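Shown next, in structure tokens, is the structure this report addresses.
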Amino acid sequence: MLISCEIGEEQSLYSQLKEIPEVKNCLVTFGSYDVVAEFETDTQSQMNEVVTTKIRKLKKIRSTITLR
């Protein structure tokens, strides 16, 4: 998942993402996106739930792109 967040909130967002059990890897980046998060689920519906109820609800996120 590619994530853009508010300026200066990259490390805070990184810490919040690492607390989500499904997130397996997380990197702070430079460029068009601020954070890249890799997460794992067993089904499409679980993926939708993680994206909509756990990740996109985090404060300071401006936009996300989910890569499958």
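Numbered according to the working numbering, the sequence shown spans residues -12 to 55. Even for Gly, the Cβ is constructed at its ideal location relative to N, Cα and C. These figures come from a predicted structure and were not determined experimentally.
Inter-residue Cα distance where the pair is S(-1) and T40: 18 Å
Counterpart residues of L14 in DSSP-defined beta bridges: V23
Simplified DSSP state of I48, which is helix, strand or coil: strand
Three-state secondary structure assigned by DSSP to I(-6): coil
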